[in-house]
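Residue numbers (my numbering): 287 to 456.
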Amino acid sequence: MIQQSQRNLERAQQAHRLQTAAAMDVLPANQTIVKGMRCRYWSSTHGGRWLPACLTKVHGDGTVDLDIKKHASLENISPSPEVAEAEAWPPGPSVSYNSSTAKRWIPAVVQSFNSMSSTNPVGSYNLDVRPMADCEKIRPRLTYVQEAETAQQHSREALLKWTNPAREDA
Numbered sequence: 287m288i289q290q291s292q293r294n295l296e297r298a299q300q301a302h303r304l305q306t307a308a309a310m311d312v313l314p315a316n317q318t319i320v321k322g323m324r325c326r327y328w329s330s331t332h333g334g335r336w337l338p339a340c341l342t343k344v345h346g347d348g349t350v351d352l353d354i355k356k357h358a359s360l361e362n363i364s365p366s367p368e369v370a371e372a373e374a375w376p377p378g379p380s381v382s383y384n385s386s387t388a389k390r391w392i393p394a395v396v397q398s399f400n401s402m403s404s405t406n407p408v409g410s411y412n413l414d415v416r417p418m419a420d421c422e423k424i425r426p427r428l429t430y431v432q433e434a435e436t437a438q439q440h441s442r443e444a445l446l447k448w449t450n451p452a453r454e455d456a
């Protein structure tokens, strides 16, 4: 079992190296959301509605800490359409867009923000796959590097638990 855990760790490290190289060569602008970004959180416990929030920490496990919720799932996070341009998501973050045409979530990259105005009552985002995308259809997405780091961390944790079964997780 230790050998299996060690192999998993080595595979994760190799995947991390390959994906890091791929991200640097193929996707130089590939970014994700970062601390301080304004967003909104879908809260089923607060009447099934969007709540304004601010990102405080990004975890590699597919969750984020918000000022209103710890370990919130990315599927419940969306950019806020009701922010000033200075608070909008900048160009560059990797997101998922719920495409009506493709009938599925597709990878996309934020290009720019369209602030609210008399002709545009709700803010929207221009994505590389869709102009004027509704915030309801946008979710943040982890980059390949973050996914590889998550796999590497899980492998390390499994190895530690196997080599030290008495270890208690805090």
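Here a beta-carbon is modelled for each residue, glycine too, at the ideal position from N, C-alpha and C. Predicted, not measured: the structure shown is a model, and the values here were computed from it.
Same chain only: Cβ atoms within 7 Å of residue i, ignoring 5 sequence neighbours per side
i      : result
Arg338 : The question names Arg, but residue 338 is Pro in the sequence shown. Once the five neighbours on either side are set aside, the close Cβ partners of Pro338 are Arg326 and Ser366.
Lys423 : Tyr383 and Asn384
Ile363 : Cys325, Tyr327, Val350, Arg425 and Pro426
Ser386 : none
Whether residue i touches residue j by CB criterion (9 Å)
i      : j      : result
Gly409 : Val396 : no
Ser401 : Ala370 : yes
Leu352 : Leu341 : yes
Same chain, Cβ closer than 6 Å to residue i, neighbours up to 5 away in sequence not counted
i      : result
Leu374 : Before going further, note that residue 374 is Ala rather than Leu in the sequence given. Closer than 6 Å at Cβ, skipping near neighbours: Phe399.
Ser382 : Trp391, Arg425 and Arg427
Arg453 : Bear in mind that the predicted position of Arg453 carries a pLDDT of just 49, short of 50, making it unreliable; the figure below should be weighed with that in mind. No residues qualify anywhere along the chain.
His357 : Thr349
Classification of residue i by the beta-carbon crowding that lies within 10 angstroms, buried from 16 upward
i      : result
Asp311 : Residue confidence for Asp311 is low, a pLDDT of 34 falling below 50, so the modelled location carries little weight and cannot support an answer.
Pro426 : buried
Ala394 : buried
Gln305 : Legend: pLDDT at Gln305 = 46, less than 50; position of this residue unreliable, value from coordinates given subsequently. Classification for Gln305: buried.
Which listed residue (the options) has its alpha carbon closest to that of residue i
i      : options                           : result
Met323 : Pro417, Ala372, Thr387 and Arg416 : Ala372
His332 : Thr318, Val344 and Lys355         : Lys355
Thr405 : Cys340, Met418 and Ala358         : Met418
Ala388 : Leu360, Val344 and Val415         : Val415
Val320 : Lys343, His357, Trp336 and Gly334 : Lys343
Cys421 : Glu368, Ala358 and Pro376         : Glu368
Cutoff 8 Å; reference residue i; Cβ partners in own chain excluding five residues on either side
i      : result
Leu413 : Val381, Tyr383, Ala394, Val395, Val396, Gln397, Ala419 and Ile424
Pro376 : Val396
Gly334 : Trp328
Thr318 : Val344, Pro379, Ser380, Pro426, Arg427, Leu428, Thr429 and Gln432
Counting pairs of beta carbons, one from the stretch 400-418 and one from the stretch 346-355, are three or more of them closer than 8 Å?
These segments do not touch.
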